[in-house]
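Trainee: I have a structure I would like to understand better, so I am pasting it below and will then ask my questions one at a time.
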Amino acid sequence: MDVKSRHHLRSDAIGAIQEGIEAELGVTVDADSFEKVEFDDSDWNVVLVDGDPLVLYVDDEEEEPFLTVRGANEYPPTKRIVTVDAGAIQFVSNGADVMRPGIVEADDVIEDGDLVVINEEGHGKFLAIGRALTDGSDMVGDEGRVVESVHHVGDDLYEMTI
Numbered sequence: 101m102d103v104k105s106r107h108h109l110r111s112d113a114i115g116a117i118q119e120g121i122e123a124e125l126g127v128t129v130d131a132d133s134f135e136k137v138e139f140d141d142s143d144w145n146v147v148l149v150d151g152d153p154l155v156l157y158v159d160d161e162e163e164e165p166f167l168t169v170r171g172a173n174e175y176p177p178t179k180r181i182v183t184v185d186a187g188a189i190q191f192v193s194n195g196a197d198v199m200r201p202g203i204v205e206a207d208d209v210i211e212d213g214d215l216v217v218i219n220e221e222g223h224g225k226f227l228a229i230g231r232a233l234t235d236g237s238d239m240v241g242d243e244g245r246v247v248e249s250v251h252h253v254g255d256d257l258y259e260m261t262i
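101 is the number of the first residue of the sequence shown in this note's numbering; add one for each residue after it.
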């Protein structure tokens, strides 16, 4: 990923990130430095938190900030969590969309179209970030794709070093 621009954020932009993540995920991101990084070859805009890529904006429209997989493991969310069973870990970690049979629990506050964090039930580690294709109350079941993968363990963003 080729860096297009990189700059430190002003205090009002940092406050907006912290408030947005608190509202969406129920966790406070507290750090000494926040730098926004834009890439030539990606739609992602990433915020380095104390030098690590922990926050991202998924779309060009720069919707609300959201944690990366590394960010979710550093600052574990309390909301918008979809938990998968051991059988789904390998698939989700390789970027597969999340299917109903692999889900053991989903937060009821999740609405169709929301960004969500994918958690594995055994160790509580976060594996992926995805876009909900249905409400959280409708995610547990027997068949169907319910979360589209956006970012996962081992992808370019996860492996990124700056």
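We treat Cβ as the ideally placed atom computed from N, Cα and C, and that holds for glycine.
Could you compute how far the alpha carbon of T188 sits from the alpha carbon of G202?
Mentor: This sequence places Ala at residue 188; Thr is not what is there. Each residue's Cα considered, the two are about 5 Å apart.
Trainee: Could you spell out the range, first to last residue, of the beta strand (DSSP E) harbouring E205?
Mentor: Run containing E205: I203 to A206, per the beta strand (DSSP E) assignment.
Trainee: Under the three-state reduction of DSSP, which class applies to S111: helix, strand or coil?
Mentor: If DSSP states are grouped into helix, strand and coil, S111 belongs with the helices.
Trainee: Can you tell me whether R245 is helix, strand or coil according to DSSP?
Mentor: DSSP places R245 in strand when its eight states are reduced to three.
Trainee: Strictly by DSSP, which residues pair up with H223?
Mentor: In DSSP, H223 forms no bridge with anything.
Trainee: Rounded to a whole number of angstroms, what is the C-alpha to C-alpha distance between A232 and D143?
Mentor: Whole-angstrom Cα-Cα distance: 19 Å.
Trainee: Would a C-beta distance cut-off of 8 Å place R170 and D152 closer than the cut-off?
Mentor: Yes, the pair counts as a contact, with Cβ atoms nearer than the cut-off.
Trainee: Can you give me the C-alpha to C-alpha distance between R200 and D130, rounded to a whole angstrom?
Mentor: Answer to the nearest angstrom: the Cα atoms are 34 Å apart.
Trainee: For V103 and D242, I'd like the C-alpha separation in whole angstroms.
Mentor: Those two C-alpha atoms are separated by around 43 Å.
Trainee: Does the Cβ of S237 have 16 or more other Cβ atoms within 10 Å, making it buried, or fewer, making it exposed?
Mentor: By the 10 Å Cβ count, S237 comes out exposed.
Trainee: Mind checking who L156 pairs with in its DSSP beta bridge?
Mentor: L156 is bridged to V146 and F166.
Trainee: Smallest Cα separation from D256: which of G115, F139, D112 and S133?
Mentor: Residue F139 is the option with its Cα nearest to D256.
Trainee: Report the three-state DSSP secondary structure of A172 (helix, strand or coil).
Mentor: Note: A172 maps to helix in three-state DSSP.
Trainee: Within this structure, are the beta carbons of L125 and E135 separated by less than 8 Å?
Mentor: Not in contact: L125 and E135 (Cβ atoms no closer than 8 Å).
Trainee: Please state whether DSSP places S133 in a helix, a strand or coil.
Mentor: Coil.
Trainee: What do you reckon, are the CB atoms on V158 and V250 nearer than 8 Å?
Mentor: Yes; because the gap between Cβ atoms is below 8 Å, this pair is in contact.
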